[in-house]
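Participant: The numbering of the sequence shown is the working numbering, which starts it at 109 and goes up by one.
Cβ atoms here follow ideal geometry from the backbone N, Cα and C, with glycine treated the same way.
First, the structure itself, so that you have it in front of you.
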Amino acid sequence: MAELLKGIAASDGVAIAKAYLLVEPDLSFSEKTVEDSEGEIARLEQALAVATKEIEAIREKAAASLGEEEAQVFDAHLMVLADPEMIGAIESNIRDNKVNAEAGLKSVTDMFVGMFEAMEDNPYMQERAADIKDVTKRVLSHLLGVKLPNPSMIDEEVVVIAHDLTPSDTAQLDRRFVKAFVTNIGGRTSHSAIMARSLEIPAIVGTKSITDSVKEGDMLAVNGIEGEVIVHPTDEQIEIVKNAGEKFAALKAEWDKLKDAETVTADGKHFELAANIGTPKDLEGVHNNGAEAIGLYRTEFLYMDSADFPTEDDQYEAYKAVLEGMDGKPVVVRTMDIGGDKELPYLTLPEEMNPFLGYRALRISLVEDDMFRTQLRALLRASVHGKLRIMFPMVATLPEFRQAKAMLEEEKTKLLADGVAVSDDIQVGIMIEIPAAAVIADKFAKEVDFFSVGTNDLIQYTMAADRMNERVSYLYQPYNPSILRLLKFVIDSAHAEGKWAGMCGEMAGDQTAVPLLMGLGLDEFSMSATSILKTRSLMKRLDSTKMAELADKAINECDTADEVVRLVEEYTK
Numbered sequence: 109m110a111e112l113l114k115g116i117a118a119s120d121g122v123a124i125a126k127a128y129l130l131v132e133p134d135l136s137f138s139e140k141t142v143e144d145s146e147g148e149i150a151r152l153e154q155a156l157a158v159a160t161k162e163i164e165a166i167r168e169k170a171a172a173s174l175g176e177e178e179a180q181v182f183d184a185h186l187m188v189l190a191d192p193e194m195i196g197a198i199e200s201n202i203r204d205n206k207v208n209a210e211a212g213l214k215s216v217t218d219m220f221v222g223m224f225e226a227m228e229d230n231p232y233m234q235e236r237a238a239d240i241k242d243v244t245k246r247v248l249s250h251l252l253g254v255k256l257p258n259p260s261m262i263d264e265e266v267v268v269i270a271h272d273l274t275p276s277d278t279a280q281l282d283r284r285f286v287k288a289f290v291t292n293i294g295g296r297t298s299h300s301a302i303m304a305r306s307l308e309i310p311a312i313v314g315t316k317s318i319t320d321s322v323k324e325g326d327m328l329a330v331n332g333i334e335g336e337v338i339v340h341p342t343d344e345q346i347e348i349v350k351n352a353g354e355k356f357a358a359l360k361a362e363w364d365k366l367k368d369a370e371t372v373t374a375d376g377k378h379f380e381l382a383a384n385i386g387t388p389k390d391l392e393g394v395h396n397n398g399a400e401a402i403g404l405y406r407t408e409f410l411y412m413d414s415a416d417f418p419t420e421d422d423q424y425e426a427y428k429a430v431l432e433g434m435d436g437k438p439v440v441v442r443t444m445d446i447g448g449d450k451e452l453p454y455l456t457l458p459e460e461m462n463p464f465l466g467y468r469a470l471r472i473s474l475v476e477d478d479m480f481r482t483q484l485r486a487l488l489r490a491s492v493h494g495k496l497r498i499m500f501p502m503v504a505t506l507p508e509f510r511q512a513k514a515m516l517e518e519e520k521t522k523l524l525a526d527g528v529a530v531s532d533d534i535q536v537g538i539m540i541e542i543p544a545a546a547v548i549a550d551k552f553a554k555e556v557d558f559f560s561v562g563t564n565d566l567i568q569y570t571m572a573a574d575r576m577n578e579r580v581s582y583l584y585q586p587y588n589p590s591i592l593r594l595l596k597f598v599i600d601s602a603h604a605e606g607k608w609a610g611m612c613g614e615m616a617g618d619q620t621a622v623p624l625l626m627g628l629g630l631d632e633f634s635m636s637a638t639s640i641l642k643t644r645s646l647m648k649r650l651d652s653t654k655m656a657e658l659a660d661k662a663i664n665e666c667d668t669a670d671e672v673v674r675l676v677e678e679y680t681k
């Protein structure tokens, strides 16, 4: 029977395909006494052989899609599977203790893992422990006849179902086969939702129960425009979802006509529409969607996609590629924003009660001096290849900004002394994402060249509500008058000093927020590339003086976010 589930529409589009469950399977088992030890050893050998074949196939796919270096982790897994000492110990355990293969495998591998994990001062051995854990899980799944999910090996059209998707899970999704994804948790600003929009995969998040309602292979109809998924849809329901997809495709075709158009309102006012990117590979989407700039280049992906700190030359090449690729259009590069939920295996960060309010972003950069200076030098060297703007994330106080800027100036002086060319037209700004910085934006505006508001964090910090926590997600309110007042002060402070103010949080592409932001006088809107043409189309229909009136009313006459939404609907009919 058909079942309708509602969630948050995170990425537009529709899909009809079978479910692929990306959830951890139950690998529990009971230890049993067995008489036929040789039969159990034969079961173990069969499971080892299948696991080896599987890892060889995964390695091959990883080498083709991610590169040889990334694929090398699977060589370590294959070595574990072929290790005569460990396999011999498992076989002896099965024979000597007359236990089933599952118990024989687990007790020996647990012993090896414990031994390696105890060598705390030896990172190599710690990595081996992780390899053994991974491999044990895979062999155990074959002994138990349970399927272990692996998104990189999907080779037919599916809808991925998960509790949540990590950035690395999402990075493995192949757009040819993954037609949509649906999760239990998350919001429009979660990493998986942002990634879905940049990959142009329809997505619904925050359904609360999709993993309980769906079995592997169930047919699903996903409507990412409305935030609805139907499990076991009828023919009639499939037709309705297909029609919604056709209407959306027709709308997209209309937006595509605006690719080379300027972003101007009905009364002729120009706004800059920019794209957020993670790697140079994203440039194709930037150009296909008619972006006028890059408003956020998230450089942490350079660090997250590397087995060690990326070198100055590696970074220089990545920044140069983007600056040249934008052909003189502005590129705002954010310095490394690691911490919170973004970790590096090769950078040991302290265990923290609340990492989102802890040691992250610029706070790390100012302490890890060498790492930060390497990035600054690479950026300065690349600056001659285009119109570079450098932005520091997670700035709370003026002394932090001054310290970061002083380090930038020191590296510039050193490079010039060494005869290395550096552009003399580099703007330096900050992300406004901490309320403390927003409240003294008038002070910051005297020293920075620009502001870019990171609304994803600014809203959750202002409302004291974790945007990933389902119980308080109702407090993630971009349209709350308190947020709008804060934004007005930031924008007005920039303009009072002749500086520009942009926004690179997800609110910049939110179709309800755009009219308000236009009215507040925001200069630059940076968003997922796929939201640009839709936003340009909306702006074309709106009058900027009417939007100024709307913003003024929203701030001064509305008491709640709901009242603001109703006012926007009234003004944009």
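With C-beta atoms as the reference, is Glu614 less than 9 angstroms away from Thr563?
Facilitator: yes
Participant: Taking 8 angstroms as the cut-off, is the beta-carbon of Ile195 closer than that to any non-hydrogen atom of the ligand FMN?
Facilitator: Within the structure as shown, the ligand FMN is missing, as the structure has no ligands at all.
Participant: Could you tell me which residues DSSP pairs with Trp363 in its beta bridges?
Facilitator: Note: Trp363 sits in no beta bridge, so no partner.
Participant: Quick check on Asp263: buried or exposed, where buried means 16 or more other Cβ atoms within 10 Å of its Cβ?
Facilitator: exposed
Participant: So, under 8 angstroms CB-CB, Leu410 and Gln423 are touching, yes? Tell me the CB distance rounded to an integer number of Å.
Facilitator: 6 angstroms
Participant: Figure out for me which residue from Lys389, Ala211, Lys428, Arg283 has the closest Cα to the Cα of Leu248.
Facilitator: Ala211
Participant: Specify the secondary structure class of Ile293 as computed by DSSP and reduced to three states.
Facilitator: coil
Participant: Which residues in the same chain as Pro418 place their Cβ atom closer than 7 angstroms to its Cβ, once the five residues preceding and following it in sequence are excluded?
Facilitator: Leu410, Tyr411
Participant: Answer yes or no: do Ala369 and Gly398 have a C-beta to C-beta separation smaller than 9 angstroms?
Facilitator: yes
Participant: Inspect the beta-carbon positions of Lys114 and Thr371 and report whether they are closer than 9 angstroms.
Facilitator: no
Participant: In angstroms with no decimal places, state the Cα-to-Cα distance between Ala546 and Ser414.
Facilitator: 34 angstroms
Participant: Output the residue ranges of the alpha helix (DSSP H) runs that lie fully inside the region 412 to 482 and measure 4 residues or longer, sorted by chain position.
Facilitator: Runs of the alpha helix (DSSP H) spanning 4 or more residues and lying entirely within the region 412 to 482 occur at 420 to 433, 470 to 475, in chain order.
Participant: Express the C-alpha separation of Thr217 and Met227 in angstroms, rounding to a whole number.
Facilitator: 16 angstroms
Participant: For the pair the region 298 to 315 and the region 128 to 148, tell me if three or more CB-CB distances fall below 8 angstroms.
Facilitator: no
Participant: Consult DSSP for Gln619 and reduce its assignment to one of helix, strand or coil.
Facilitator: Correct three-state label for Gln619: coil.
Participant: Check the DSSP bridge columns for Asp127 and list the partner residues they point to.
Facilitator: This sequence places Ala at residue 127; Asp is not what is there. According to the DSSP secondary-structure assignment, Ala127 is paired through a beta bridge with Val267.
Participant: Along the beta strand (DSSP E) that carries Tyr535, what are the first and last residues, could you check?
Facilitator: Here residue 535 is Gln; the residue named in the question, Tyr, does not match the sequence. Gln535 -> beta strand (DSSP E) spans 535 to 540.
Participant: Curious, which full-length alpha helix (DSSP H) runs of at least 4 residues does the region 314 to 344 contain?
Facilitator: 318 to 321
Participant: Determine the extent of the beta strand (DSSP E) in which Lys114 is found, giving its start and end residues.
Facilitator: From DSSP, the beta strand (DSSP E) with Lys114 extends over 111 to 114.
Participant: Rounded to whole angstroms, what's the CA-CA distance from Leu197 to Ala190? Just pull it up for me.
Facilitator: At residue 197 the sequence reads Ala, which differs from the Leu that was named. Going by the C-alpha atoms only, they are around 13 angstroms apart.
Participant: Per DSSP, Glu146 is paired with what?
Facilitator: The partner list for Glu146 (beta bridge, DSSP) is empty, contrary to what the question assumes.
Participant: Opposite Val372 in the DSSP bridges: which residues?
Facilitator: His378
Participant: Classify Ile262 as helix, strand or coil using the three-state DSSP reduction.
Facilitator: Coil at Ile262, not helix or strand.
Participant: Counting pairs of beta carbons, one from the region 591 to 608 and one from the region 627 to 641, are three or more of them closer than 8 angstroms?
Facilitator: yes
Participant: Measuring alpha carbon to alpha carbon, tell me which residue in Ala288, Val598, Val528 is nearest Leu130.
Facilitator: Ala288
Participant: Under 8 angstroms by Cβ, that's how I've got Phe500 and Ala512 pegged, so tell me the actual separation to the nearest angstrom.
Facilitator: Between Phe500 and Ala512, the beta carbon gap of about 5 angstroms places them in contact (Cβ cut-off 8 angstroms).
Participant: Leaving out the 5 sequence neighbours to the left and right, which residues in its chain are closer than 7 angstroms to Met109 when beta-carbon positions are compared?
Facilitator: His340
Participant: Specify the secondary structure class of Tyr405 as computed by DSSP and reduced to three states.
Facilitator: strand
Participant: Thinking Thr407 and Val441 are a contact (beta carbons under 8 angstroms), I'd like their distance in whole angstroms, please.
Facilitator: 6 angstroms
Participant: Since Leu80 contacts Arg644 with CB under 8 angstroms, what's their CB separation in whole angstroms?
Facilitator: The question about residue 80 has no answer, for the chain in this structure spans 109 to 681.
Participant: Can you tell me which of the three DSSP states Arg284 falls into?
Facilitator: DSSP places Arg284 in the coil class of the three-state scheme, outside both helix and strand.
Participant: Measure from the alpha carbon of Thr297 to the alpha carbon of each residue in Ala159, Leu624, Cys612, Glu519, then state which is nearest.
Facilitator: Cys612
Participant: Thinking C-beta only, is Val188 closer than 9 angstroms to Asp239?
Facilitator: In this structure, Val188 lies closer than 9 angstroms to Asp239 by Cβ.
Participant: Go ahead and label His378 buried or exposed: buried means 16 or more other beta carbons lie within 10 angstroms of its beta carbon, across all protein chains shown.
Facilitator: exposed
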